[in-house]
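Protein sequence lines, in the order shown, are assigned to chains A and B.
The first sequence runs contiguously to residue 743 in the numbering used here.
The second sequence runs contiguously to residue 743 in the numbering used here.
Okay, structure first, notes after.
Number of protein chains: 2
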Amino acid sequence: MRAIFYPESIAVIGVSLSPDNLGLGIIYNLTEFGFRGLIHEVGPKGGVISGRRIYQSVLDIPEVVDLAVILTPARTVADILDQCGQKGIRWAVVESAGFREHGEEGKKLEERMVQVAEKWGLRFVGPNCIGVINKENGLCTPFTPLNPKVQLGDVSIISQSGGVGMSVLNLMGNEGLGLNKFVSAGNMLNIQTEEFLEYLIEDPPTGFIYLHLEGIRNGRKLMEVARRSRKPILASKANIGQFGKSIASSHTASLSSNDRVVDAAFRQCGIIRINDGTALGNDLKVLHLPSMRGKNLAIISRSGGHAVIAADACEFVGFNLAQFPQAFIEEIEKHFRASVIRLTNPLDLGDLFDLDFFLRIIERTLAEDGVDGIVFLHTIIPLIEGPKSRELLARIRELSQRYKKPVAIYVSTEDQEVAWLKRNLNYPIFTQVVETVRALELNYRYYAGIEQAREPRKIESPHKNRETARSLLEKAQNEKRDLFLHEAGEVLNLYGLPMIQGIPVADEGEAVKAAGRLGFPVAMKIISKEISHKSDIGGVQLNLRTEAGVADAYRDMLRRIRQACPEAKIEGVLIQPMATGGRELIIGGRQDDQFGPVILVGLGGIFVEVFGEVSIRVAPITPREAREMINELRGIGLFKGARGTNPSDLEAVADVLLRLSQLLCDLPEIREIDINPLRVFPEKEGCLGLDVRMILDKS
Amino acid sequence: MRAIFYPESIAVIGVSLSPDNLGLGIIYNLTEFGFRGLIHEVGPKGGVISGRRIYQSVLDIPEVVDLAVILTPARTVADILDQCGQKGIRWAVVESAGFREHGEEGKKLEERMVQVAEKWGLRFVGPNCIGVINKENGLCTPFTPLNPKVQLGDVSIISQSGGVGMSVLNLMGNEGLGLNKFVSAGNMLNIQTEEFLEYLIEDPPTGFIYLHLEGIRNGRKLMEVARRSRKPILASKANIGQFGKSIASSHTASLSSNDRVVDAAFRQCGIIRINDGTALGNDLKVLHLPSMRGKNLAIISRSGGHAVIAADACEFVGFNLAQFPQAFIEEIEKHFRASVIRLTNPLDLGDLFDLDFFLRIIERTLAEDGVDGIVFLHTIIPLIEGPKSRELLARIRELSQRYKKPVAIYVSTEDQEVAWLKRNLNYPIFTQVVETVRALELNYRYYAGIEQAREPRKIESPHKNRETARSLLEKAQNEKRDLFLHEAGEVLNLYGLPMIQGIPVADEGEAVKAAGRLGFPVAMKIISKEISHKSDIGGVQLNLRTEAGVADAYRDMLRRIRQACPEAKIEGVLIQPMATGGRELIIGGRQDDQFGPVILVGLGGIFVEVFGEVSIRVAPITPREAREMINELRGIGLFKGARGTNPSDLEAVADVLLRLSQLLCDLPEIREIDINPLRVFPEKEGCLGLDVRMILDKS
């Protein structure tokens, strides 16, 4: 893939002398950005441009060509790719549009392109993209004339959408963030996002990667590549709305919309999710600072008003205001009493501006062990202190690097001065107080979590009972049905997931006998492949306390169901003992099209119905993630002994999540599972699934 | 107050020829901003500046002075104010610092200032402020030299903090938002925020008002003034963190932190709350557009990628993508087929740029009845289409005004072009897709809600039973205690709030008799002024079903409580019937220091404990607000017949909220009330408070 970003010679195919020829825009950009390789123009009409010949075909070029950039009508592209193949070109950027986005005919054109590419072993970016930029060597293939203002730097960009990619370049230019490489992936017919990512995580000059995604083809691959990265990856994911609307047949499915899975997946592999452009700018900036290794923030401000806003934000993001030790306060008091309005954190420095004084305070604060980072809120009056202030900020940058602690600099001043600082200081400049603190929290969270995201997640080997479980699934699949409750319970038990035992029976007499065997009270549940929401139609009876009660319930249930669902074939009923005590969770999982097996846990009953309060992870999960899933639930305090209650056995729940994770990884034919409720008993007493639905792949 | 903003002559007191004299900064600014009135310099050392005499005292000025601007050491200010009074000056701006913010001594200096001001009927801004700016006449009293870049416009600012105020001026300059008046209120010793607001809502050239508050002195006055305003008011409120930490003695108090009350109050009086500077810029911009009168948004974009992001944001903020009727689609198809990539909403216009084509599409869309507003996502390549694009945007502005529907324009382009547009287009320009849609939602919500915020809220007259209720309160106050449960119930009943009836008894025999009278089962609750959290120490027994049970429970309870709280004086117990059925809410209220009576409602039991899910309003409330409070609770669906349950009598709950609202307005001596639980029965069956705590003002 290096040839895409570092070609020594390129052919631009689709150039003509017509004034509205778009290929000319590519030539313009290559020239403006100072491309250092050879450029060969190609176009069927030929001609001469800037003293160079326009070749009528790539085959006419007398030299080796590393990369073809194609911008010709869609119907011509496959043939041109073929010629490129003949010429020995192995990499291309196809910017032409008019393919699948224009319907069936375009799709056929794409199919031919794929065949041609396969024939020659040729790889290509696009189609329907604006191509590639490399600030290092001046490669710049977009066809709209660009201003090369964005500086050379360490941020590389992969954007599915060209338009959004261009907005990000504008943002970076404005914020003084330097670009390294850019690729607009377009229809991703041949080269996928994940491959670009794989290249960039190994690309030495790239320090940070930003992805803009509209769809995710292979979520697991994306996660795997991201986990290998030693560079921060930021990603935005659009096209959320449509996703949420997929039809769900279980609680788990409806509670784990694709977008929530994307959230979980990104977090698990250390990708920082971005929701809008403002956040992107601030997040990229703050990641360029040294890492914040704890939550103790010092706020140093020239304006009391800004200090108050920052202190609020500090509390809001969960940081602490670092406690200044008495010795520190006394030292400041001795040296600076007259100048400092407030000798606490936030330090309000007031209106005096003495370079040395500012630097000494900041250095002294950085030296303090109990301070993990500083927000410096700087108000500048350019007219009288512009040059002094520029020098101050440059020296704060040095201090931050020397002490390896972040100093996030906010400035309030006129926009020309802000623009100058962003372009020239080579250090991030923030312009909103709240955003400055929020960004610093991202810095903290990223570096605190990234090692955990890289923890290996592998199922060492399939569970010893996998084949036994699989045979149960196959039997049902052959009968084109989902598992019956007692079968699903068996599968769970095979994986060590505790499920209440039950006895399936076929008539009233057996039901009474089974109840006697299990001991009263019992529950009775209908068994029928046509009925999956049992309780909605009277297929569940709880708390049956006598033989007569069981017999009555049996007759009632069958009569009711024959009335409600005359077409349902009733296999019988399942008799279960009643479980008492404990609190309820819901646990489940499903196979996600992009990310594969996904599991979730939520507070049971009304909580999940009303508040949709669940936590989600892509399987397999680590033991740490299992505990984290449980702990991040709002309301889990009730399971931990809040308000004088008995603490519940959450270790057992974590174990269930790990087993469920393996089950879904081992047996992808299970499309969805709901264990609802999972009854959780007091500490050391475990937990027990009382009901389960298991939906199989029947295709 | 007009003299503060429109003085014809001013005295700047504290001017000297020393190069670090801050007063010179004021003179500089007045000159730079082109102040159109007379300026008199005053300073004890005298001298000559720019050919004008520096008077040694205001008394030496031979002319009438409308406004004094004082920037002298704190200890001199009171005397100078006195001289101003003698001179006949009735308005002053005191910029000097060193008052209450520097401790006790400063506070004493403030007291003298107040006395002097009272003596002369002199009103002043500050101290510890940077004063006043009026772009109309060039008045500009801050002492730091400013760049007068910010344009004349219709936004006026009241900021408690000078530093934050300056940041806002920078923001406005950068965003092309025009300033009308600015005042930094400082310590607000004499003139309060509410008075400035009162002036500005009547000030003809002011169209929009932004407030930055650090504290609120008189919340009810603020609300009253805001309700009178015909101009949008935006406000940020800092200093949130410390507020949240007040100690609370009831559920209501702990759930209604001051910041949540501020939220409710602002909403009730139509103030738009701003959380950071980015939002402020976008919100001010979007309010300058015509109002969006429905939720149907059309998205028109030059980039498919931006369109997708906008569609996501549309869903996220609760807008609908307007449905384009078939006739509209066909018309576009006929005229523009070749150019438009996607003939749905969002309309993806692709790369062609034809001014006429863009305008016709936008006008046709504005003409559509089912479209309430447009987001136009514009990507500009300045090099080749800058002038065309500027003309396009100017004409879109005209269309938006002609059709009286907002067209929010987002542009993606290089920053010089963005800066040009912001400064020259005289129409808001947005630069983040998500923020554009979010801002438009604010426009919709503001105009949809503002009339309701202005609905009169008055308690016509006190409740007919107020005096009877007050005598019960007075009795308890005289005994330095809170109300006993049965007394609190009586007060509620006097106001028509349904409380379960109970019989207070003093011994076991009476308890048994009372139970017999009420009918079994009954509840028993301890009565003691020392015990307010009854159930924590065994002071509540429920479901007593027999006479013997009542007798046992009585003995048990008294024994337990004598052991647990030997110092508690036990008055007896309260016997109540048990209520069955229904669902539980919690309802309460308290007196807030800034906003007076405040009421709240939340889902009962675990919901309020775990999720803190409540809604809050400042009393008195309107019937519409009572219903809104209930309806905005997450989880209220359970009370409305969700999942096959019986709908509950929420009309009765709304009635209870209205009565509680009157109760708290009539009887401010009640500091806090919790009615917990309020049992809500099925529709038409009402609701019933089962327990209540009422905490009185005992000062």
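Idealized CB from N, CA, C, for every residue including glycine.
Ranges of the alpha helix (DSSP H) found wholly within the segment 614–698 of chain B, counting only runs of at least 4: Uninterrupted alpha helix (DSSP H) stretches at least 4 residues long and entirely within the segment 614–698 of chain B occur at 650–655, 667–675, given in chain order.
Residues from the segment 303–320 of chain B in contact with chain A, defined by Cβ distance under 9 Å: Residues of the segment 303–320 of chain B that bring their beta carbon within less than 9 Å of a beta carbon in chain A comprise N319, D320, in sequence order.
Whole-angstrom distance between L257(B) and A282(B), CA atom to CA atom: Going by the C-alpha atoms only, they are around 6 Å apart.
Length of the line joining the Cα atoms of P641(B) and R134(B): Rounded to the nearest angstrom, the two C-alpha atoms are 36 Å apart.
From L529(B), R96(B), N587(B), V227(B), residue whose alpha carbon lies closest to that of S576(B): Looking at the Cα atoms, L529(B) is the closest of the given residues.
Own chain residues within Cβ distance below 6 Å of S290(A), not counting five before or after: Only weak support is given to the placement of S290(A): the predicted model assigns it a pLDDT of 38, under 50, and the question is left unresolved by the model.
Cutoff 8 Å: M210(A) Cβ touching any chain B Cβ: Chain B, which has a Cβ nearer than 8 Å to the Cβ of M210(A), makes this yes.
Where S293(B) falls: helix, strand or coil (DSSP): With a pLDDT of 47 at S293(B), under the threshold of 50, the modelled position of this residue cannot be trusted; read the value that follows with caution. Of the three classes helix, strand and coil, the one that applies to S293(B) here is coil, per DSSP.
Meets three-Cβ-pair contact criterion under 8 Å: the segment 343–360 of chain A and the segment 322–333 of chain A: They do not touch, by the three-pair rule.
Length of the line joining the Cα atoms of A292(B) and R715(B): Residue placement at A292(B) is poorly supported in this model, since its pLDDT is 42, which falls under 50; the coordinates still yield a value, given next. Near 11 Å, if we compare the C-alpha coordinates of R715(B) and A292(B).
Residue nearest to G206(A) in terms of C-alpha spacing, selected from A357(A), P248(A), A141(A): Cα-wise, what sits closest to G206(A) is A141(A).
Residue interval of the beta strand (DSSP E) (run including F725(A)): In the DSSP assignment, F725(A) falls outside any beta strand (DSSP E), carrying neither H nor E.
is_contact[D327(A), chain B] using C-beta, thresh 8 Å: For D327(A), the answer is no, since every Cβ of chain B falls outside 8 Å of its Cβ.
C-alpha distance - Y50(B) paired with T188(B), whole-angstrom precision: The alpha-carbon atoms of Y50(B) and T188(B) are separated by roughly 21 Å.
Beta-carbon gap between V736(A) and M543(A) smaller than 8 Å: For V736(A) and M543(A), yes; Cβs fall inside 8 Å.
Reduced DSSP secondary structure (H/G/I, E/B, other) of P88(A): Here P88(A) sits in coil by DSSP.
Residues that D718(B) bridges to, as DSSP identifies them: Answer by DSSP bridge pairing, in chain order: G632(B), R737(B).
Neighbouring residues, chain A, relative to S205(B) (Cβ below 8 Å): In chain order: S347, G348, G349, H350, V352.
For G616(A) and P548(A), believed in contact at Cβ under 8 Å, the rounded distance: P548(A) to G616(A), Cβ: 6 Å. Contact.
For K225(B), the residue or residues it bridges with in DSSP: Its beta-bridge partners are N178(B).
Stretch-stretch touch, CB-based, cutoff 8 Å, three pairs: the segment 679–691 of chain A with the segment 656–671 of chain B: With the cut-off at 8 Å, the segment 679–691 of chain A and the segment 656–671 of chain B do not touch.
Among Q130(A), V121(A), E611(A), G129(A), nearest to G150(A) - alpha-carbon criterion: When each option's Cα is compared against that of G150(A), the closest is V121(A).
Classification of D392(A) by the beta-carbon crowding that lies within 10 angstroms, buried from 16 upward: Taking a 10 Å sphere around the C-beta of D392(A), we find 16 or more other C-beta atoms and assign the residue as buried.
Residue-chain proximity (G679(B), chain A), Cβ-Cβ < 8 Å: At least one chain A Cβ lies under 8 Å of G679(B).
For F474(B): DSSP bridge partner residues: F474(B) is bridged to Y454(B).
Close Cβ partners of E377(A) (< 7 Å) along its chain, the five nearest in sequence each way excluded: If the five residues before and after E377(A) are omitted, its C-beta is found closer than 7 Å to the C-beta atoms of L387, all from its own chain and listed in chain order.
Any non-hydrogen atom of the ligand MG closer than 7 Å to L694(B) Cβ: Only the bare structure without any ligand can be found here, which leaves the ligand MG out of the picture.
Below-8 Å beta-carbon distance, L427(B) vs any chain A residue: Cβ-Cβ to chain A under 8 Å: yes for L427(B).
Proximity below 8 Å, CB of E479(B) to CB of D320(A): Cβ distance < 8 Å, so E479(B) and D320(A) count as in contact.
Residues that DSSP places opposite T116(A) in a beta bridge: According to DSSP, which records beta bridges pairwise, T116(A) is partnered with nothing at all.
Element boundaries [beta strand (DSSP E), containing G394(B)]: From DSSP, G394(B) is part of no beta strand (DSSP E); its letter is neither H nor E.
Any chain A beta carbon closer than 8 Å to N65(B): No, N65(B) lies away from the interface with chain A (no Cβ there is under 8 Å from its Cβ).
Cβ neighbours of F77(B) in the same chain (closer than 8 Å, five flanking residues each side left out): The beta carbon of F77(B) is closer than 8 Å to those of I177, K179, G182, L183, C184, L190, P192 in its chain, skipping five residues each way along the sequence.
Under the three-state DSSP convention, the category V59(B) falls into: Three-state DSSP puts V59(B) in coil, outside helix and strand.
Same chain, Cβ closer than 7 Å to V419(A), five either side skipped, listed in chain order: The beta carbon of V419(A) sits closer than 7 Å to those of L341, I343, A354, A452, Y454, T480, V481, L484, all from its chain and outside the five residues before and after it, given in chain order.
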